[in-house]
Amino acid sequence: MFDKHSANRFRRIPRFHHNECVIREQFSRLISRQIRLLEEELGISLLRRTKRTVELTEAGATFLPEVRKALQQIESAIQVAQRAARGEIGSLQIAFTASSMHTVLPKILQQFRALHPNVKLDMTELCTLDQVEALRTETVDVGLLHPPIDAPFLTLHPLQGEKLVIALPEAHPLSQHKQLPLKALAAEPFILHPHYEGPILYDQILNLCRQAEFEPHIIHEELKHQTRLGLVAAGIGVTFVPESAQQSSISGVSYCAIAGDAPTLQLAAAWRTSPVSPVLQEFLQITRRVALNARNDVLQ
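Count the sequence shown with the working numbering and you get residues 14 to 313, in order.
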């Protein structure tokens, strides 16, 4: 059967006549016998043999450069496969929430690109629920989302937690305070995220308001932080956003801390528990390292 080893043996055949000494050196009986087997398999004569010389036939002269090209392609394919196995090339579909882009994700991407410039990254902003569905259908490889979630087919690695802050219209009488008790917002109209997107955080906010002896007047629910902040800037109500949302370019909004036990928005990396590709392994390793460094910076 013609294979890579047969091709390698044939590639060593020179294109010119050899004296008897060279023939003995380059064509041992074993190689000569293997070339004959190759000729029998192909049904053609590749070499013209005499007592003193060995030369390529016309078929052999045509065959030799094609063999060399094929071997180069095989070697190239092997190198590509080895690079893919090391996670150096390939592609990665990443889903993320808006708040992750204000925290650890930029540094993760920066470090990953520096180490793996030949990996293609496809980025998609999705809410947590949509990320879970995209991971289930294998539309994305990894997601940066907000737990807790009910998805036993996923593995989660916590990255960091962010305290929520109060966002008020810039002209609001309370906007000059650096810190406010929730009770000070009892008469305010609230704009919250939808319950389905983060039921535990949603319920935590309601419970904290009730502990402050008022029932929040929720006038609107909106998924995206940026949209909620735009509504706040328009004077429609107040909302809660992660600390990192203060980096938003939306004008007309003031932020202040929540006095006491402020709710926390958690961020985690999530991926399918099934076998992980080398590229994803590399991404997760960098993600864990960046998150650990971020937590250490907070503790210092």
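The C-beta atom is built at its ideal place from N, Cα and C for all residues, glycine as well.
The structure presented is a predicted model; accordingly, all values stated were derived computationally and were not measured.
- Counting only the Cα atoms, Gly211 lies some 8 angstroms from Pro161.
- Just measuring C-alpha positions, the residue of Ala307, Trp284 and Phe296 sitting nearest Glu146 is Trp284.
- By the criterion of a C-beta distance shorter than 6 angstroms, Ser104 is surrounded in its chain by Lys133, once the five residues flanking it on both sides are discounted.
- DSSP places Pro288 in the coil class of the three-state scheme, outside both helix and strand.
- Close CB contacts of Ala272 within its chain, under the 7 angstroms cut and outside five residues either way in sequence, are with Gln192, Leu193 and Pro194 (chain order).
- Nearest in C-alpha terms to Tyr209, of all of Glu235, Ser188, Pro202 and Gly73, is Glu235.
- Three or more beta-carbon pairs separated by less than 8 angstroms link the region 172 to 189 to the region 289 to 307, which places the two stretches in contact.
- Annotated three-state conformation of Pro229 is coil, per DSSP.
- Between Leu157 and Ser113, the C-beta spacing is below 8 angstroms.
- Taking 8 angstroms as the cut-off, the beta carbon of His115 is found closer than this to the beta carbon of Ser257.
- For the pair Gln260 and Val254, the Cα-to-Cα distance works out to about 11 angstroms.
- Here Val153 really is in contact with Gln106; their C-beta atoms are around 4 angstroms apart, less than 8 angstroms.
- Spatial neighbours of Asp143 in its own chain (CB-CB distance under 8 angstroms, excluding positions within 5 residues in sequence) are listed in chain order as Ala108.
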